[in-house]
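A.B. asks: Here it is, the structure in full.
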Amino acid sequence: MINDALPLSLLLLLPSIASSLLQPISLRTTAVLEDQTPAAVQKFLASPGNWPKIVTSSVGVESDGADVEQPLPVGQTVDEIFGLPPVLPLAVRWTCTKSVLASSGSTDGKKRTPGFWGIPANRPPLSSGGRLEFSSADGLENVARNCRMNFDVQRQGGNNGEQNTKLVLDMSYEPVSPLAVLAVPVLTVDNAIAIKFLLPAALRTQPELDKFRALMGSLYLVAGLAHSADCLAGGSQLLTFAGCPSFYELPLVGQLLALLWCAMGPISFALRDGKGYADMGLIGYGAVEVIGAGLITLNYGSGADGMNAFLNAVLVQSVVAGAWFYSASKKPASES
117 MINDALPLSL LLLLPSIASS LLQPISLRTT AVLEDQTPAA VQKFLASPGN
167 WPKIVTSSVG VESDGADVEQ PLPVGQTVDE IFGLPPVLPL AVRWTCTKSV
217 LASSGSTDGK KRTPGFWGIP ANRPPLSSGG RLEFSSADGL ENVARNCRMN
267 FDVQRQGGNN GEQNTKLVLD MSYEPVSPLA VLAVPVLTVD NAIAIKFLLP
317 AALRTQPELD KFRALMGSLY LVAGLAHSAD CLAGGSQLLT FAGCPSFYEL
367 PLVGQLLALL WCAMGPISFA LRDGKGYADM GLIGYGAVEV IGAGLITLNY
417 GSGADGMNAF LNAVLVQSVV AGAWFYSASK KPASES
């Protein structure tokens with residue numbers, strides 16, 4: 117009797133389980149941006165054309181009525197493109213619902229009432245910073261709705277008198293699909309990379325980091341062209357050394373991944389001068405290489421002389437990441 121009742125009880129619980137999984141989701145990411153004013157940070161974030169420079173999942177932005185390279189006015193909309201257009205086009209239409217400037221008050225059209233000593237009694241909560249709010253009622257079709265993206269930008273003093281900026285990103289949405297729930301870890305990492313690493317890199321003038329981006333873009337171009345020649349006409353020496361069959365013996369999915377690996381070299385080179393875009397190229401190349409090496413190790417084992425392709429790829433990309441952080445930490449000679 118108990119065994120017969122278990123399936124029915126589980127079925128009865130399914131609606132409540134599904135309902136609990138589809139509750140509104142909120143994510144918060146915080147960062148302190150050194151040597152950046154709130155006004156500079158807000159202007160960058162308010163201009164949608166900058167979003168793909170720091171958000172790894174964002175492909176581009178489009179708007180019929182607004183200049184995406186300038187701060188988006190309140191009430192204006194912009195489409196943020198994700199996925200793999202035109203094969204897998206995904207888009208979220210964002211509307212700017214609030215823009216409280218970091219230096220000159222609010223642009224939401226509300227009149228400020230004079231208060232004690234002439235200070236507005238109903239001024240924004242961050243008196244030394246600003247706030248940006250974007251919303252999308254429709255969200256991502258069949259995945260999430262009522263999406264919100266809010267930025268608090270606040271001045272914060274540094275140790276040596278320099279002006280730093282504290283940035284808080286609050287993102288929320290209502291899932292309409294389990295996929296939106298499963299995406300939480302990915303979005304958490306994506307937001308952290310954007311706010312803590314790529315945004316500071318895109319804002320700051322960093323000659324040493326720019327040199328490193330240009331160098332790696334050039335090296336990856338050479339590597340991509342060499343890999344292409346090896347895969348298509350050279351007997352796939354590198355693949356077979358890693359323990360993988362030659363290019364033409366791979367299944368279709370394997371061949372496509374190998375071609376993507378080759379293509380990431382020229383893509384990284386093309387993006388090398390774009391600051392945030394350049395970092396996307398480096399991250400993309402590294403991700404494809406590590407994933408590809410992991411699949412080789414998983415499916416074919418060790419390569420020549422017992423080489424583990426996955427560990428080797430992780431080691432190489434760790435060195436690249438370390439060099440990136442070292443270059444990013446070096447200030448211009450004029451600031452030393």
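With the working numbering, the residue at position 19 of the sequence shown is 135, and numbering never jumps.
The C-beta atom is built at its ideal place from N, Cα and C for all residues, glycine as well.
Please read all numbers here as calculations on a predicted model, not as lab measurements.
(1) When DSSP labels each residue in this structure, what does residue 284 get in the three-state scheme?
(2) Label residue 345 either buried or exposed according to how many other C-beta atoms from any shown protein chain fall within 10 Å of its C-beta, with 16 as the threshold for buried.
(3) Relative to the C-alpha of residue 324, which candidate in 439, 184, 194, 196 has its C-alpha closest?
(4) Within its chain, find whatever has a CB closer than 8 angstroms to the CB of residue 327; leave out the 5 residues flanking it on each side and keep chain order.
(5) Grab me the residues of residue 178's own chain with a C-beta within less than 6 angstroms of its C-beta, minus the 5 sequence neighbours each way, in chain order.
(6) Considering just the uninterrupted stretch of the alpha helix (DSSP H) at residue 158, what are its terminal residues?
(7) Please look up how many angstroms separate the CB atoms of residue 412 and residue 350, rounded, as I've assumed it's under 8 angstroms.
(8) Are the beta-carbon atoms of residue 428 and residue 403 separated by less than 8 angstroms?
(9) Determine the direct distance from the alpha carbon of residue 165 to that of residue 387, and round the result to whole angstroms.
(10) With a floor of 3 residues, list each beta strand (DSSP E) that falls wholly inside the stretch 189-214, ordered by position along the chain.
(11) Can residue 159 and residue 187 be called in contact, C-beta distance under 8 angstroms?
(12) From the DSSP secondary-structure annotation, give me the bridge partner or partners of residue 250.
(13) Measuring straight from C-alpha to C-alpha, what distance separates residue 456 and residue 245?
(14) What residue range is occupied by the uninterrupted alpha helix (DSSP H) comprising residue 172?
(15) Residue 141 bridges to which residues according to DSSP?
(16) Just to confirm my understanding: we take residue 394, look at its own chain, exclude 5 residues before and 5 after, and list those with CB closer than 7 angstroms. What are they?
(17) With DSSP run on the structure shown, which of helix, strand or coil describes residue 259?
(18) Could you check whether the stretch 365-380 touches the stretch 294-311, counting it as contact only if at least three pairs of C-beta atoms, one from each stretch, sit closer than 8 angstroms?
(19) Along the chain, where does the alpha helix (DSSP H) containing residue 324 start, and where does it finish?
(20) Select from 337, 249, 305 the residue whose C-alpha is nearest the C-alpha of residue 173.
(21) If you compare alpha carbons, which of 370, 314, 272, 361 is closest to residue 170?
(22) Going by the DSSP bridge assignment, what does residue 148 pair with across the sheet?
(23) Kindly indicate which three-state DSSP category residue 217 falls into: helix, strand or coil?
(24) Measure the alpha-carbon distance for residue 322 versus residue 381 and round it to whole angstroms.
(25) How is residue 318 classed by DSSP in three states: helix, strand or coil?
(26) Quick one: is residue 307 buried, meaning 16 or more other Cβ sit within 10 Å of its Cβ, or exposed?
(27) Leaving out five residues on either side along the sequence, give the residues of the same chain with a beta carbon under 8 angstroms from the beta carbon of residue 432.
(28) Do you know whose CA, among 268, 212, 262, 281, lies nearest residue 250's CA?
(29) On a Cα-Cα basis, can you pick out the residue from 193, 156, 175 that is closest to residue 217?
(30) Within 10 angstroms of the Cβ of residue 109, are there 16 or more other Cβ atoms? Answer buried if so, exposed if not.
(31) So is residue 357 buried or exposed if we call it buried at 16+ other beta carbons inside 10 Å?
(32) Decide if residue 82 is buried, meaning its Cβ has at least 16 other Cβ atoms within 10 Å, or exposed.
(33) Need the endpoints of the alpha helix (DSSP H) that residue 429 sits in, please.
(34) Look up residue 81 in the DSSP assignment and say whether it is helix, strand or coil.
C.D. replies: Reading it off the structure:
(1) As a working note, residue 284 is residue 168 in the sequence shown. Three-state DSSP puts residue 284 in a strand.
(2) As a working note, residue 345 is residue 229 in the sequence shown. Flag for residue 345 reads exposed.
(3) Your numbering for residue 324 matches position 208 in the sequence shown. If you compare the alpha carbons of 439, 184, 194, 196 with that of residue 324, the shortest gap goes to 439.
(4) Here residue 327 refers to the residue found at position 211 of the sequence shown. Hits under 8 angstroms: 443.
(5) Within the sequence shown, residue 178 is the residue found at index 62, counting from 1. Non-local C-beta neighbours of residue 178 in its own chain, meaning closer than 6 angstroms and more than five positions away in sequence, comprise 195, ordered along the chain.
(6) On the sequence shown, position 42 is the one that residue 158 refers to. Taken as a continuous stretch (DSSP letters only), the alpha helix (DSSP H) holding residue 158 covers 154-162.
(7) Within the sequence shown, the letter at position 296 stands for residue 412. Within the sequence shown, the letter at position 234 stands for residue 350. Contact doesn't hold; Cβ gap of about 18 angstroms is too wide.
(8) In the sequence shown, the residue the question calls residue 428 occupies position 312. In the sequence shown, the residue the question calls residue 403 occupies position 287. Their beta carbons are not under 8 angstroms apart, which means residue 428 does not touch residue 403 by this criterion.
(9) Looking up residue 387 in the sequence shown gives position 271. Looking up residue 165 in the sequence shown gives position 49. Each residue's alpha carbon lies about 15 angstroms from the other.
(10) Listed in chain order, the complete beta strand (DSSP E) runs (minimum 3 residues) inside the stretch 189-214 are 193-200.
(11) Residue numbering aside, residue 159 sits at position 43 when the sequence shown is read from its first letter. Residue numbering aside, residue 187 sits at position 71 when the sequence shown is read from its first letter. For residue 159 and residue 187, yes; Cβs fall inside 8 angstroms.
(12) Stepping through the sequence shown from its first residue, residue 250 is reached at position 134. BP columns for residue 250 point to 212, 265.
(13) Past the boundaries of the shown model lies residue 456; the chain is included only from 117 to 452, so the question cannot be answered.
(14) Taking the sequence shown and counting its residues from 1, one reaches residue 172 at position 56. Premise fails: residue 172 is in no alpha helix (DSSP H) and is neither H nor E.
(15) Working through the sequence shown from its first residue, we reach residue 141 at position 25. When DSSP reads this structure, residue 141 sits in a beta bridge with 289.
(16) Within the sequence shown, the letter at position 278 stands for residue 394. For residue 394, where only same-chain residues beyond five positions count, the Cβ hits under 7 angstroms are 329, 333, 387, 388.
(17) Mapped onto the sequence shown, residue 259 falls at position 143. Reduced to three states, the DSSP call for residue 259 is coil.
(18) The stretch 365-380, when compared against the stretch 294-311, does not touch it at the 8 angstroms Cβ threshold.
(19) The count along the sequence shown starts at 1 and reaches residue 324 at position 208. Counting along the chain, the alpha helix (DSSP H) containing residue 324 begins and ends at 323-349.
(20) Along the sequence shown, read from residue 1 onward, the residue named residue 173 stands at position 57. Nearest C-alpha to residue 173: 305.
(21) One-based indexing of the sequence shown puts residue 170 at position 54. If we check each option's Cα against that of residue 170, 314 comes out closest.
(22) Indexing the sequence shown from 1 puts residue 148 at position 32. Paired residues: 282.
(23) Counting from one through the sequence shown, the residue named residue 217 turns up at place 101. For residue 217, the three-state secondary structure derived from DSSP is strand.
(24) Mapped onto the sequence shown, residue 322 falls at position 206. Mapped onto the sequence shown, residue 381 falls at position 265. When rounded, the separation of the alpha-carbon atoms in residue 322 and residue 381 is 23 angstroms.
(25) Your numbering for residue 318 matches position 202 in the sequence shown. Reduced to three states, the DSSP call for residue 318 is helix.
(26) Numbered from its first residue, the sequence shown carries residue 307 at position 191. A residue is called buried once 16 or more other Cβ atoms fall within 10 Å of its Cβ, and residue 307 is buried on that count.
(27) Position 316 of the sequence shown, counting from 1, holds the residue named residue 432. Setting aside the 5 residues that flank it on each side, residue 432 is surrounded in the same chain by 405, each with a C-beta closer than 8 angstroms to its C-beta; the list follows chain order.
(28) Taking the sequence shown and counting its residues from 1, the one referred to as residue 250 is at position 134. If we check each option's Cα against that of residue 250, 212 comes out closest.
(29) The residue you call residue 217 lines up with position 101 of the sequence shown. The shortest C-alpha separation from residue 217 is found at 156.
(30) Beyond the ends of the chain as shown, which are 117 and 452, falls residue 109; an answer cannot be given.
(31) The residue labelled residue 357 in the question sits at position 241 within the sequence shown. With fewer than 16 Cβ atoms within 10 Å of its Cβ, residue 357 is classed as exposed.
(32) The requested residue 82 is not part of the displayed model; the chain covers only 117 to 452.
(33) In the sequence shown, counting from the first residue as 1, residue 429 sits at position 313. Start and end: 425-445.
(34) Outside the modelled stretch of the chain, which goes from 117 to 452, sits residue 81, for which no answer is possible.
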